[in-house]
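Each protein sequence line maps, in turn, to chains Y and R.
Start counting at 1 in the first sequence, then tack on 897, and there's your number in our numbering.
Start counting at 1 in the second sequence, then tack on 897, and there's your number in our numbering.
Written below as structure tokens is the structure these notes are about.
There are 2 protein chains.
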Amino acid sequence: MTTQSPRQKRHEKSQQSILDVAAKLIGEHGYENLSLREVARQADYSPAALYEYFKSKEDILFALSEQIGLQMLELMNEAPASLPPYERITQLGQIYIRFAISHPEKFQLMNSLSSRRRSLAEPISATSPYNLVLDAVKAAIKSSDIKLPRGAHAEEITYSLWAIIHGISMLRLTYLRDFQADFEKIDLMALKTFLKGLQ
Amino acid sequence: MTTQSPRQKRHEKSQQSILDVAAKLIGEHGYENLSLREVARQADYSPAALYEYFKSKEDILFALSEQIGLQMLELMNEAPASLPPYERITQLGQIYIRFAISHPEKFQLMNSLSSRRRSLAEPISATSPYNLVLDAVKAAIKSSDIKLPRGAHAEEITYSLWAIIHGISMLRLTYLRDFQADFEKIDLMALKTFLKGLQ
DNA sequence: CTAGAATGCCGAACACTGTTCGATAAATAA
DNA sequence: TTATTTATCGAACAGTGTTCGGCATTCTAG
Chain Y
898 MTTQSPRQKR HEKSQQSILD VAAKLIGEHG YENLSLREVA RQADYSPAAL YEYFKSKEDI
958 LFALSEQIGL QMLELMNEAP ASLPPYERIT QLGQIYIRFA ISHPEKFQLM NSLSSRRRSL
1018 AEPISATSPY NLVLDAVKAA IKSSDIKLPR GAHAEEITYS LWAIIHGISM LRLTYLRDFQ
1078 ADFEKIDLMA LKTFLKGLQ
Chain R
898 MTTQSPRQKR HEKSQQSILD VAAKLIGEHG YENLSLREVA RQADYSPAAL YEYFKSKEDI
958 LFALSEQIGL QMLELMNEAP ASLPPYERIT QLGQIYIRFA ISHPEKFQLM NSLSSRRRSL
1018 AEPISATSPY NLVLDAVKAA IKSSDIKLPR GAHAEEITYS LWAIIHGISM LRLTYLRDFQ
1078 ADFEKIDLMA LKTFLKGLQ
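This is the structure:
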């Protein structure tokens, strides 16, 4: 645990207050229309002052998307670990999708950035939404809820599951934004169908 | 067939030449960094002149994304209709994914716009990539390659399939951009596993 | 407690951006 | 030929992200 001087504390507080304003504005106008000058205005700074806390606009968006990732993780962690692996997997998926639907701007921001960052730096933190699913898949394999196709490992299954979950979220945010249908049901069916294919 | 005056013809040619430059620039710098002024420069127009052909930057992007959709459709139409429905579905998926991988900028543009347009206007053209899959699914149902879960119709299956295909494309473009793996194989497995769940 | 350094913050400027307006030249229509 | 539509541009507007120089404030060493 790194102890912090009062100065560092203030610094982080200012940082966070800037991020909060940015998050609010993104929720209102989408992340593509975020204006640093507007952030500065509402956070009571001059535009230049922001650069004391973030080295660029991209940097602000990155910081924000990191926090969003954490929110997502918290939500997914609420899925009881006690569930049978099979159920747990579908639950994780549904939580992910629900988050995407109810916070579309956040979700889109998160995804439009993971494109660039990941490549260079960190190898996806060990406690990430993705790894949560991976663990559930491993458990399902161990308990024989899932039978691996030949040549496949837990990683490939997780990748596929992730694609479905992610794909559904995207679809519902874009092409199907104002379609009327019982998506909760359909999405569940999609997940279950895939899992059924693994038996 | 609407006949066109020489004027209209010239007009459309100019339009297309502008789109071509825009497409080229997008391929080089991504669609988020497209500058109208740069387009104008390379297309030998003043910035203002572009507004004779498109009413806004968004409009240019829309026009472009429409053309990209057509390219995609052409590619997918090359999948022989004679294939058994089951095979045909996986082929369509693979073509879609391959297109996404080999033209990431185009693919991303196409998707970031379908978010807004569709909702208000056209009910997804009858000859669209999506409908190609829908037809293949219907054929698969008729030939009993696919058995519908109770309560499900061809639409729901197609929606799920589309989510997988779309999700895989997205994943590979973002999170997994420089991972090394035999994705062609894994993707095929994902599709087949889902289809297997429908038997 | 004081001198020097680091930090916080701002105004002004730079080099862009998309878009509109008014004017001018060219092509078409009457 | 005249009138009208189309093509084109230069200049300007309002906005953007970012950098720089300078002034206060706050911390840190001596």
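For each residue, glycine too, the CB sits at the ideal point set by N, CA and C.
Residue i: contacting residues in chain R (beta-carbon distance under 8 angstroms)
i                        : result
isoleucine 965 (chain Y) : Those within 8 angstroms of isoleucine 965 (chain Y) in chain R number zero; the least Cβ separation is about 15 angstroms.
proline 903 (chain Y)    : Result: empty, since nearest Cβ-Cβ is about 39 angstroms, beyond 8 angstroms.
serine 911 (chain Y)     : Here the premise fails: no neighbours, minimum Cβ distance about 28 angstroms.
Neighbouring residues, chain R, relative to residue i (Cβ below 7 angstroms)
i                        : result
lysine 1093 (chain Y)    : Gly1094
glutamate 1053 (chain Y) : Ile1083 and Met1086
serine 932 (chain Y)     : The contacting residues do not exist; serine 932 (chain Y) stays about 16 angstroms from chain R at best.
histidine 1063 (chain Y) : Gly1064, Met1067 and Leu1068
tyrosine 928 (chain Y)   : The contacting residues do not exist; tyrosine 928 (chain Y) stays about 11 angstroms from chain R at best.
serine 1041 (chain Y)    : Those within 7 angstroms of serine 1041 (chain Y) in chain R number zero; the least Cβ separation is about 17 angstroms.
Sequence-distant residues of its chain with Cβ nearer than 8 angstroms to residue i (five each side left out)
i                         : result
isoleucine 1043 (chain Y) : Pro982, Tyr983, Val1034, Ala1037, Ile1054, Leu1092, Leu1095 and Gln1096
leucine 1070 (chain Y)    : Ala997, Ile998, Pro1001, Phe1004 and Gln1005
serine 1016 (chain Y)     : With a pLDDT of 41 at serine 1016 (chain Y), under the threshold of 50, the modelled position of that residue is not reliable, and the figure given next carries that caveat. Around serine 1016 (chain Y): no qualifying Cβ.
threonine 1024 (chain R)  : Leu970
glutamate 909 (chain Y)   : Gln901
alanine 978 (chain Y)     : Arg985
Contacts that residue i makes with chain Y (C-beta to C-beta distance below 8 angstroms)
i                        : result
isoleucine 880 (chain R) : Since the first residue shown for chain R is 898 and the last is 1096, residue 880 (chain R) is missing from the structure and cannot be characterised.
Test item: CB-CB of residue i and residue j under 8 angstroms
i                         : j                        : result
isoleucine 915 (chain R)  : alanine 940 (chain R)    : yes
glutamine 988 (chain R)   : aspartate 1084 (chain R) : no
alanine 1078 (chain Y)    : serine 1057 (chain R)    : no
glycine 1064 (chain Y)    : isoleucine 965 (chain R) : no
methionine 1007 (chain Y) : tyrosine 993 (chain Y)   : no
lysine 954 (chain R)      : leucine 933 (chain R)    : yes
tyrosine 950 (chain Y)    : glutamine 905 (chain Y)  : no
valine 936 (chain R)      : isoleucine 986 (chain R) : no
threonine 1090 (chain R)  : proline 1046 (chain Y)   : yes
Within chain Y, the residues that residue i reaches when beta carbons sit closer than 7 angstroms
i                      : result
alanine 1049 (chain R) : Met1086
alanine 1060 (chain R) : Ile1061, Gly1064, Ile1065, Leu1068 and Ala1087
Residues of its chain near residue i, where Cβ-Cβ distance is below 7 angstroms and the 5 sequence neighbours each way are ignored
i                        : result
alanine 1018 (chain R)   : Because alanine 1018 (chain R) sits at a pLDDT of 42, beneath the cut-off of 50, its placement in the model cannot be relied upon, and the following sentence gives the value as read from the coordinates. Contacts found: none.
serine 962 (chain R)     : Leu1006, Met1007 and Leu1010
isoleucine 923 (chain R) : Leu931, Glu1002 and Leu1006
glutamine 968 (chain Y)  : none
Chain R contacts from the region 994-1010 of chain Y (Cβ-Cβ distance under 8 angstroms)
Asn1008
What residues in the region 943-966 of chain R bring their beta carbon closer than 8 angstroms to a beta carbon of chain Y?
none
Could you list the residues in the region 973-988 of chain Y with a C-beta less than 7 angstroms from some C-beta on chain R, going in chain order?
none
Members of the region 1025-1039 of chain R that neighbour chain Y once the beta carbon cut-off is set at 9 angstroms
Tyr1027
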